[in-house]
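K.L.:
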Amino acid sequence: MTTWPFPETPLGLRIEIQAGEVWTDITGDVRTRDPITHARGIRNSSTGADPASAPLTINNRDGR
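Numbering-wise (the numbering used here), the sequence shown opens with residue 7 and increments by one.
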C-alpha cells in the first residue's frame, strides 16, 4: 500500500497575483479561516482545459 504525505502533512501556502508584468506575494493578506480550494483541467468531457480558479478572501482593510 502506498502512503501519500498529503493531506496528512499540509504543504506550505504562498499566494501571488500578477498585476501587469509583476508578480506580487500576497500570502500575508489572504484570510485562511476557510479552506482554499482550486479547480483545474478538463471538466464535463470537454476537449480543452478550462482556466484554473481558486476562490479566496483577501484582507484589503488598508486599501492597497
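Positions of the beta carbon are idealized from the N, C-alpha and C atoms, including for glycine.
Going by alpha carbons, who is nearest to residue 20 out of 69, 70, 68, 60?
P.N.:
Of the listed residues, the one whose Cα sits closest to residue 20 is 60.
K.L.:
The beta strand (DSSP E) with residue 25 in it runs from where to where?
P.N.:
Its beta strand (DSSP E) spans residues 22 to 25.
K.L.:
Could you spell out where the beta strand (DSSP E) holding residue 41 opens and where it closes?
P.N.:
Careful: residue 41 lies outside any beta strand (DSSP E) and carries neither H nor E.
K.L.:
Cutting at 7 angstroms between CB atoms, please list the residues of its own chain near residue 42, excluding the five before and the five after it.
P.N.:
Taken in chain order, the residues that qualify are 60, 62.
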